[in-house]
Every structure is written in structure tokens, then in C-alpha cells.
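Asks: Numbering (the numbering used here), first residue to last: 100 to 381.
In this text, a Cβ means the ideal position worked out from N, Cα and C, and glycines have one as well.
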């Protein structure tokens, strides 16, 4: 099965889903279907098997910790081969990746030297999820990753240490050489289109310009009728705005060069409307 994802911020990446990946998920994450509900990832979570073959680009301006200037990661055979932009965040990320390769560090379970492996493409499933009112004040954009169709792209060399103590021991034994390598960094995309092509050539659109398509499935709508009007129940409560993409303006000039400058005034307005102050807490 082939998976192809694009996004108006610059993401355009293709990879394969090998039938054996499902078994890998359950082997490395016991109870996966229960523990990782809502963490749908069409990529083996925290792994980069030798069969993984992602090629293309992932681009964005937001992750868990906050915003950054437009960043583009280029992948070949599932590994990062170029980091472009991203301001200070991009500079430091590139420095870590270069350092990891220069030292010849090969992490257990990964196909080659390096610590920039594509190992997660987690798709949010909650149409009612919105941006935290204090996201811009506290660098806390993690909540919104659960919003339906938002993709949390994970790149690094993370593994399930809790279930694999031998991995944890390796990291501890090699701490002096791997201190600046490793980790697990993210980019979030919000208006992604994703197509999956099966072995017979049938194409299924999973995401359509930031819409999780199974929310429009007749069976899902029928289930939603138990709780109210499915048109309202399955409608996104929040749609991120991007100048030059889904609102007037220039994407790079008005937004991507300094996303915080664009997001902060809007968040301030929402806080005022809600009567929220930092003293009120979460």
C-alpha cells in the first residue's frame, strides 16, 4: 500500500505500508489497539524499519513546543537529508542531525547511521478539538494535535524503552556519545490531503484538505445521530487560518516568516472574548 500526503504549506511525501508493519506495532507496543486509541499512525510508531521508504518533504511552522519560521525537511529512504529554514529551531535541529552522522552513531532498531528517521505520522480524530487559549503564551500547542486531520509528524530515534529494557540499557551505556543525537522532534500540519493506494490500485482519500473523511461515512453519521444533528456533531469547531491559503494575504510574508506574530493577536482577541486571564489557570 502506498501513502501520499500533501499540504499547502509545502509537504509532499510518499511512503509504503508493508504488511509486516502491523505485526511490528503489536510486537513493540503490546496492547497497541487499546493504549494508542486516537493515535492513528500510518507509519510504525517510533520505528524506522529497513522496509520504510519515505521520500519527499514535510514542511510546517508549528510543533508541540511552539511556532517557528517555515521549515522544510527533505527525506530520502526514510531519513532526513536536508533541513531548510526553521530559524533557530531549524538551525539547532540540523546541527544535531549533522553531529549524529559525523559521529557515526547508529541507534538500535534503525537502518543506518543518523538520528533523523521518519517514525510517526499520527492523525488526530477529534473534530471538536481547538487551540488552547494560552497556546501562544505558554508554548503549548500539544492539545490541538488531537484535532481531526491534524498530522503530528515525528522524526528521530525514539523507541519503547518501557517494554524493551535492552534498548534503555544501550542508551545509558552510550549516553556520552549520543547526548546530542537522538530524540524525537515534530512538525504539525493542519490542511493535509492524504491518499492511500492498496495493492489492487484502489485509491482511498483518508484526509481531504484538513478534513478526516471517515467523519462523512454513512455509518459514522448514523452513529452520530444518537447524540444530535450529525452535521453539527461531526463539524470541526476550529479551522486554522493561513494567509494566502484559506484567507486573504501572502503565506510567507504575512504568516510563515513569523507565525507567532500572526497567531498572538488572534489568541489575544479570543482570550478577551472569553474573559480569560493567566491567573485563571487552565
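#1: Use the C-beta contact count for residue 305: other C-beta atoms within 10 angstroms, 16 or more gives buried, fewer gives exposed.
#2: Should residue 292 and residue 252 be called a contact, given that it needs their Cβ atoms to be closer than 8 Å?
#3: Buried or exposed for residue 227, going by 16 or more other Cβ atoms inside 10 Å?
#4: For residue 292, which residues does DSSP report across the bridge?
#5: Use the C-beta contact count for residue 213: other C-beta atoms within 10 angstroms, 16 or more gives buried, fewer gives exposed.
#6: Is the distance from the Cβ of residue 111 to the Cβ of residue 156 below 8 Å?
#7: In angstroms with no decimal places, state the Cα-to-Cα distance between residue 196 and residue 235.
#8: Could you give the residue range of the beta strand (DSSP E) that holds residue 174?
#9: What is the residue span of the beta strand (DSSP E) that residue 256 lies within?
#10: Measure the C-alpha to C-alpha separation of residue 290 and residue 298 and round it to an integer number of angstroms.
#11: In three-state terms, what does DSSP make of residue 301?
#12: Could you pull out every residue in the same chain whose Cβ sits closer than 6 Å to the Cβ of residue 335, ignoring the five residues on either side in sequence?
#13: Please classify residue 280 as buried or exposed, where buried requires at least 16 other C-beta atoms within 10 Å of its C-beta.
#14: What whole-angstrom Cβ distance do residue 224 and residue 139 have, given they're in contact under 8 Å?
#15: Helix, strand or coil for residue 245 per DSSP?
#16: What does a CB cutoff of less than 7 Å around residue 192 pick up in its chain, not counting 5 residues either side in sequence?
#17: Where does residue 309 fall in DSSP's three states?
#18: In whole angstroms, what is the alpha-carbon distance linking residue 264 and residue 270?
#19: Would you grab the beta carbon distance between residue 166 and residue 359 for me? Rounded to a whole angstrom, and I think it's under 8 Å.
#20: What would DSSP say about residue 228, mapped onto helix, strand or coil?
#21: Just to confirm my understanding: we take residue 147, look at its own chain, exclude 5 residues before and 5 after, and list those with CB closer than 7 Å. What are they?
Replies: Inspection of the coordinates gives the following:
#1: Residue burial is scored here from C-beta neighbours: residue 305 has at least 16 other C-beta atoms within 10 angstroms and is therefore classed as buried.
#2: No. Outside cutoff.
#3: When all chains shown are included, residue 227 counts as exposed.
#4: BP columns for residue 292 point to 105.
#5: Sixteen is the threshold: when 16 or more other Cβ atoms of the shown chains lie within 10 Å of the Cβ of residue 213, as they do, the residue is buried.
#6: Contact check for residue 111 against residue 156 passes: the beta carbons are separated by less than 8 Å.
#7: If you take the alpha carbons of residue 196 and residue 235, they lie about 27 Å apart.
#8: Start and end: 165 to 175.
#9: Here residue 256 belongs to no beta strand (DSSP E), and DSSP marks it neither H nor E.
#10: In this model, residue 290 and residue 298 are separated by some 27 Å (Cα to Cα).
#11: Here residue 301 sits in coil by DSSP.
#12: 226, listed in sequence order.
#13: Because residue 280 sits at a pLDDT of 48, beneath the cut-off of 50, its placement in the model cannot be relied upon, and the following sentence gives the value as read from the coordinates. Counting Cβ neighbours within 10 Å, residue 280 comes out buried, since at least 16 surround it.
#14: Rounded to whole angstroms, the Cβ separation of residue 224 and residue 139 is 7 Å, and the two are in contact under 8 Å.
#15: Three-state DSSP puts residue 245 in a helix.
#16: Closer than 7 Å at the Cβ level, and outside the excluded window around residue 192, lie 182, 185, 284.
#17: DSSP places residue 309 in coil when its eight states are reduced to three.
#18: Roughly 10 Å between the two C-alpha positions.
#19: For residue 166 against residue 359, the beta-carbon gap comes to about 5 Å, under 8 Å, which counts as contact.
#20: Correct three-state label for residue 228: coil.
#21: Around residue 147: 177, 209, 210, 216, 217, 218.
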